[in-house]
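Asks: Heads up: the sequence shown runs through residues 1 to 516, numbered per the UniProt record's numbering. Even glycine gets a Cβ: it sits at the ideal position worked out from N, Cα and C.
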Amino acid sequence: MALTSCAPGAAAPTADRATGLRLAESAEYSSLHPLDHPLGITTKLYDGLVNVGDHGTLVPGLAEDMPEPDDDLTTWTVRLRQDVTFSDGSAFTAEDVVASYESVRDPGTGSWMAADYGMIESVTAVGEDTVEFELAHPYAGLPARLTLGIPASESLGGSVLNSPLTAEPVGTGPYVLDEWRRGASLSLTAREGWWGGEPEVDRLDIAFVPDENARAQRLRSGEFDGAQLSPRLAETLDGADGLELVSNPSADFRGISLPQTLPFFRDPDVRIAVNLATDRQGMIDGILHGHGQSLATPLTPAQGDAYEPAAQFAFDPGRAARMLDGAGWTLNAGGVREKDGREFAFNLMYFAEDTLRRDLAQAFASDLSAVGIRVTLEGVDRPQAAASMDENAFVLGGGDLPYDPDAQVYRQVASEFAGHDPDDAYSNPSGYADDEVDRLLAEAREEGDPEARATLYRDLQDRLVENPPLVVLMSLDHTYVAQGLDDWAGLAPVMEPHEHGVAWGPWWNVGSWSRR
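1. List the residues that DSSP assigns as beta-bridge partners of residue 477.
2. Assuming residue 123 and residue 101 are in contact, meaning their beta carbons sit under 8 Å apart, how far apart are those beta carbons, in whole angstroms?
3. Excluding sequence positions up to five away, which residues of its chain have a Cβ less than 8 Å from the Cβ of residue 230?
4. On the DSSP letters alone, give me the boundaries of the beta strand (DSSP E) that residue 389 sits inside.
5. Nearest CA to the CA of residue 287: which residue from 315, 260, 254?
6. Can you tell which of 69, 30, 154, 112 has the C-alpha that lies nearest to the C-alpha of residue 423?
7. Identify whether residue 514 lies in helix, strand or coil by the three-state DSSP scheme.
8. Check whether the Cβ atoms of residue 430 and residue 405 lie closer than 8 Å to each other.
9. Touching or not, the region 316-325 and the region 263-273, by the rule of three or more beta carbon pairs under 8 Å?
10. How many angstroms separate the CA atom of residue 371 from the CA atom of residue 277?
11. With contact counted as at least three CB pairs below 8 Å, one residue from each stretch, are the region 368-386 and the region 398-413 in contact?
12. Within 8 Å, do at least three Cβ pairs link the region 191-199 to the region 211-228?
13. Around the Cβ of residue 569, are there at least 16 other Cβ atoms within 10 angstroms (buried) or fewer (exposed)?
14. Applying the 10 Å Cβ sphere with the 16-neighbour rule, what's the burial state of residue 162?
15. Taking contact to mean 3 or more Cβ pairs, one atom from each stretch, closer than 8 Å, check whether the region 385-394 and the region 295-310 are in contact.
16. Could you check which residue in 149, 108, 60 has the C-alpha nearest to that of residue 98?
17. Using the DSSP secondary-structure output, state which residues sit across from residue 351 in a beta bridge.
18. Would you list the one or two residues that DSSP bridges to residue 175?
19. Quick one: give me the first and last residue of the beta strand (DSSP E) that residue 205 is part of.
20. Buried or exposed: where does residue 492 fall if 16 or more other Cβ atoms within 10 Å of its Cβ makes it buried?
21. Residue range of the beta strand (DSSP E) that residue 182 falls in?
22. Pull up the distance between the alpha-carbon of residue 144 and that of residue 66, whole angstroms please.
23. Can you list, in chain order, the residues of its chain with a C-beta nearer than 8 Å to that of residue 8? Leave out the 5 residues immediately preceding and following it.
24. If you draw a straight line from the alpha carbon of residue 483 to that of residue 514, how long is it in whole angstroms?
25. Using the C-alpha atoms, what's the distance from residue 207 back to residue 186?
26. Comparing C-alpha positions only, which one of 407, 436, 463 sits nearest to residue 427?
Spelled out as structure tokens, the structure:
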């Protein structure tokens with residue numbers, strides 16, 4: 001989701017509260033193209049072959065049943081629902097699925113997800129109601145990759161930047177676009193004839209209100225039914241004027257890249273020391289007001305049995321200082337560590353408009369200062385961050401698709417992404433390579449037994465603590481404030497990805513709600 005300017009006096013949405021919802025979003029959507037923004041507001045407009053269900057489980061969407069693999073996990077068969085139509089009235093068929101997966105892999109489309117589908121050799125329609133995916137190698141995590149929203153094949157063409165789908169969605173989802181007032185609001189209306197049943201929440205009016213305090217004030221005045229707010233501000237509104245705080249766990253993690261173009265970060269002992277010097281729980285308590293969980297690797301409790309809770313770094317600045325001494329980084333007269341005439345000092349970038357990343361950067365810099373490492377903070381825009389990720393540390397976020405451990409961790413640590421690519425700067429931003437990590441990743445991708453696969457990922461986390469690629473800080477609980485939720489049945493808990501906002505929160509499955 002890209003931040004853009006928004007008129008400060010944007011008109012309030014106009015939904016009838018008996019049947020619709022009025023919500024406030026923190027940033028305007030840059031696109032409605034499902035091959036560019038797969039798990040945000042587009043989930044209201046499109047369905048995948050597989051959808052996200054309660055608690056973050058994967059459930060059949062446009063697929064009649066969950067995808068079925070052959071014995072060696074290289075051929076996956078998907079049977080499709082019948083009598084599904086797109087918002088333009090055309091019929092959904094296997095050809096639409098083929099076109100979507102060919103398009104997302106086509107370099108000309110320009111989807112940032114193209115590398116995630118590199119294991120697919122071909123997608124073939126077997127009649128109108130079945131699709132076969134042929135893979136280049138066994139891949140156990142394919143169902144999570146099939147959450148991609150499917151548009152009508154006739155609407156595909158061109159890049160994700162210039163396609164009509166950026167503003168004219170043609171999907172099978174529960175809602176259709178009614179109006180997009182650039183810089184002000186976006187309105188969706190319920191689809192008649194949606195295969196999942198006609199939504200009783202018949203309208204979603206979403207105002208773009210970047211200023212968090214303004215969102216909070218307009219919530220208290222009754223102008224909105226809900227919004228995402230920071231934990232600090234959300235807690236102040238909980239119980240006020242009929243408002244309630246709703247918190248969803250997520251696999252959305254924050255961390256600090258440690259680019260190995262900087263000589264001090266080439267030493268695993270130094271990277272361990274930096275991890276030990278970081279007070280994660282202090283950040284969770286002071287910045288997130290407890291709405292988060294300390295992590296040492298990109299894998300989170302969202303990955304279930306694949307998560308290893310013992311893979312952690314204690315906050316131990318004393319041990320960190322001893323390890324730095326042992327690595328030859330000793331304090332100089334100015335109180336900064338130095339080795340061979342070079343000070344241990346580096347720049348840490350964060351997105352200038354992101355107050356959470358700013359606060360985490362400040363806390364991290366303070367922690368490292370206490371052990372003699374000087375960190376200079378720099379608020380940057382996205383092009384600046386991408387261009388210099390290989391030379392500067394960065395406060396990064398991850399967890400775009402947490403519904404399989406491979407999708408959660410592979411891009412962050414696989415050596416195939418170690419080379420700096422400004423067009424894919426957030427994959428392995430530290431430039432990390434470890435043969436054992438690559439082996440475990442590859443074996444887990446090809447392991448069909450769930451228990452054995454989970455063991456491989458737990459072993460991976462142990463290795464990532466022994467040889468850390470970055471400083472993973474925490475996973476976040478996403479916090480929202482809403483009113484009137486008791487008027488509706490069908491609300492359910494969910495595990496959220498990195499993407500958040502009013503497409504998630506208590507409203508993630510709004511198309512299935514019913515009036516009490």
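Replies: Taking the coordinates as given:
1. 249
2. 4 Å
3. 212, 355, 356, 479
4. Element bounds for residue 389: n/a, residue is neither H nor E.
5. 254
6. 112
7. strand
8. no
9. yes
10. 7 Å
11. no
12. no
13. As shown, the chain starts at 1 and ends at 516. That puts residue 569 outside it, with no answer to give.
14. exposed
15. no
16. 149
17. 380
18. 190
19. 203-208
20. exposed
21. Counting along the chain, residue 182 falls outside any beta strand (DSSP E), and DSSP gives it neither H nor E.
22. 11 Å
23. Per-residue confidence for residue 8 stands at a pLDDT of 41, beneath the threshold of 50, marking its modelled position as unreliable; the derived number appears in the next sentence. If we look at residue 8 and ignore the five residues flanking it on each side, its Cβ neighbours are 211, 214.
24. 16 Å
25. 7 Å
26. 407
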